[in-house]
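Written out as structure tokens, the structure reads:
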């Protein structure tokens, strides 16, 4: 059930109507039923995977929580009578038992994800390296498996570390795992952030609902008017790399950046807007990322929930784990303080970015993409003294021209790495990017635009749509666009909503004649 | 007025304005089928002529291009209408029959059985031509549900804007001109063609793996029989004398059996060519796919006698009111004949397919040449979409 399909609109309308009719205590039950219907629509058999993740994570978390509570109670009662060693021993026993449950759920669920998502990747590599002819495994990737697995594992880790209370109601936990708006492409929510509004009772809040609908409509605009119209041109540029070299590759980078932004942020707008219509608050996933002035900032503003997940559950744990601390000591001793202190940090970064890359897809291009991001971040970090020196000599830091340069530099850098996502072939990508510097064909681009399967009318729509997205981003600098809109007269608000709806209905790339394009991030 | 009421009124006004704009846009963006693929208007034209017909034909192009209702009137005083459309599938014919009964109760329904070979929905563009023209009704809705291909959405039949919204970039003056109006082009559902292109080759019958006609088609044939019995209407099955696409003897035998079993009259006109006087050197305009107007008149003359003899249909020519109405139809028919003959003489091919001929000017040279080339190559520039060609709802025709 695509977000942009009429069946989803109908599903949403029914869910919405029922949600505010039924007793509020039952609202979360309706969301659970709706979420399972939504998921089953993609394939009934996929429910098995969600159910396994739900039940094993829920049960393990409850067992972990029970054992931790039991330990706490026991310690409280006996703390005066126990020696330090006895307390330590009791804690070790508790840790051992909880770790067992923790590892059971963690390995099982990550194992399912790994087997389903990475088996064919492994077979392909084995066949390439050893010349074997192992058959590929024919299995469909369940919708949103990376998202719900990571969300569940985040919850498990939080419970294990005592940062979250275990949810004892299986139904409620099932809803946390499967809440339908975020099944397609996230965001990856934290239990403590999501639970209060997800399981809460919600009155009919006209303002919240209006805000939600406005956000959904804006998401449809980005997805249908810009992203899905542009997809034809991007596909044409990518599918015939031998024809489109040089300036065309630069154009592909630029267009894919717009397409991905419109597609992903559009999808997240729909997700957050739909949740808001049900009174559920989801975390923001973007903060105008293309206005970032450096790579680190970009990654704090793009796909925020994923970035923070990798930071909190991979980067930090690796940075402070026992063997990393030993490595820190060793490297400082043998490599000196300057290099030695960097080694463990950069190693943790490399592991994190490797995981980020392979999370996006089981292919070398994603791994290389992750490692390139890591490399850019490290270089950027290493160049900090140089920048400091430069700014002490040249006082341009506060000039808008310099800021613009930084924004453009970051945009171009990120776009050139992101192009790996398009060609999905590492050597080809490097070759194509190389042609930008070796092929002088800029003059071909403008006359050849209509040869990309898009008419001039399509290009006009894309340009206007992109400028509108840019304008809205600029307005966002002054705060929430919807809050600013809310301050306007009702007539202005109603007119803007009506015009935007009209534009989506007329200029949206949907229906027969257009491919029904799933959101790009759904495939991750 | 309180602030809240004012807000509600403002929102309601904006909503109304939006609905009006969408409705206008829908009128503008829906294909008009005026100068191309004109048969897209066949179904819609019925409502201006509904009622008072003794015989109603349902079926595909073999109906609307092979029988002339005007000849049935002129020779026998039979009032008739053809509710046909390109590649009309059997369930579409059934639901059109069902819908027709809301407007009139004919004495005879004639169903052309070529579509018995299609057990599944086939093509969105043909679906559109069969269904878009229908007025909203339960029959239309059931027709949509039975006809949709996988890529289609039922909602887009209720709100066609959802299907045609992308035509904004190809709006022509024709779309503006016929936004709220249409052009009368047909003769009781008959599409006139005065040109001639004789049969040059006869089709070879490639053996099929399975000759069994689909069960889904029999289901609808049963429903037709039941509908007619329930309403006291006679059902006649016919196979028009088109030599393309191939009609297999094995299929024919199944229809003969069915007709015998249910006491229906079935006529395969491919077996009656000599009796009807049809000559494929002069009576077809597209090498035997369809009859031209002289051929259609011959078939109507032959079939009309059978209908009158078998069912004793009333000769309405002596009824002044009916005769007056039909006199206008006959005049329109004869005028169009003259127009088409004029076009054939002037251009060598049909240019406007009815009504007054299009005035030629310099700017039309290219399209004229294309149409001429198409005519010579066997393609049909008038948009005859059912002759094995593929057509999309946006008006693109790909000859197969």
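Chains as they are written, first to last, in this note's numbering: chain R, 28 to 551; chain V, 1046 to 1445.
Virtual Cβ for every residue (Gly too), placed ideally from N, Cα, C.
Source: prediction; values computed, not measured.
Any Cβ of chain R closer than 8 Å to the Cβ of residue 1208/V would place that residue at the interface, and such an atom is present. With a cutoff of 8 Å on beta-carbon distance, residue 1285/V and residue 1314/V are scored as near each other. Cβ contact annotation for residue 198/R (same chain, cutoff 8 Å, sequence separation greater than five): 55, 56, 59, in chain order. The C-beta of residue 69/R comes no closer than 8 Å to any C-beta of chain V.
At a C-beta separation below 8 Å, residue 1211/V has these neighbours in chain R: 536, 538, 540, 541. Annotated three-state conformation of residue 482/R is coil, per DSSP.
At a cut-off of 8 Å, the C-beta of residue 1189/V has no neighbouring C-beta in chain R. Listed by position along chain V, the residues whose Cβ is nearer than 8 Å to that of residue 522/R are 1059.
Counting along the chain, residue 35/R sits inside the alpha helix (DSSP H) bounded by residues 33-46. In the displayed model, residue 313/R falls within coil according to three-state DSSP, outside both helix and strand. In the DSSP assignment, residue 476/R falls outside any beta strand (DSSP E) and carries neither an H nor an E. Using a Cβ-Cβ cut-off of 8 Å, residue 1203/V does not count as an interface residue toward chain R, since no Cβ of chain R sits closer than that to its own. Taking a beta-carbon distance threshold of 8 Å, residue 529/R counts as an interface residue toward chain V. For residue 1063/V, the C-beta contacts it makes with chain R under 8 Å involve 525, 528, 529, in order along the chain. Sorting 519/R, 486/R, 79/R by C-alpha distance to the C-alpha of residue 285/R places 486/R at the top.
For residue 1154/V, the enclosing beta strand (DSSP E) starts and ends at 1153-1157. Contacts with chain V (Cβ-Cβ distance below 7 Å) from the region 482-504 of chain R involve 482, 484, listed in chain order. Taking a C-beta distance under 8 Å as the contact criterion, residue 1100/V and residue 1152/V qualify as a contact pair. Rounded to the nearest angstrom, the Cβ distance from residue 254/R to residue 213/R is 17 Å, too far for a contact under 8 Å. Identification of residues in the region 1066-1085 of chain V having a C-beta nearer than 9 Å to some C-beta of chain R yields 1066, 1067, 1070, 1074, given in sequence order. Residue 1244/V sits in coil when the DSSP states are folded into three classes, being neither helix nor strand.
If you look at residue 540/R, you'll find it isn't in any alpha helix (DSSP H); DSSP assigns it neither H nor E. Contact check for residue 136/R against residue 173/R fails: the beta carbons are separated by 8 Å or more. DSSP, read as helix, strand or coil, puts residue 217/R in coil. Nearest to residue 1203/V by alpha-carbon distance, out of 1088/V, 1180/V, 1230/V, 1228/V, is 1180/V. Secondary structure note for residue 1310/V: its beta strand (DSSP E) is the uninterrupted segment 1310-1313.
What residue 251/R touches in chain V, judged by beta-carbon distance under 8 Å, is nothing: the nearest beta carbon there is about 10 Å away. Buried is the label assigned to residue 1343/V, since at least 16 other Cβ atoms lie within 10 Å of its Cβ. In terms of Cβ geometry, residue 1281/V and residue 1309/V form a close pair [threshold 8 Å]. Residues are counted here when their Cβ sits less than 8 Å from a Cβ of chain R; for the region 1156-1181 of chain V these are 1169, given in chain order. The contact set of residue 518/R on chain V, defined by CB atoms closer than 7 Å, consists of 1055 in chain order. 8 Å or more divides the Cβ of residue 346/R from the Cβ of residue 390/R.
Residue 1231/V and residue 1067/V do not touch by the CB rule: their CB atoms are close to 30 Å apart, not below 8 Å. At a cut-off of 8 Å between beta-carbon atoms, residue 124/R makes no contact with chain V. Scanning the region 272-307 of chain R for uninterrupted beta strand (DSSP E) segments of 3 residues or longer gives nothing; none is fully contained. Residue environment analysis places residue 418/R among the exposed positions, since fewer than 16 neighbouring C-beta atoms fall within 10 angstroms of its C-beta.
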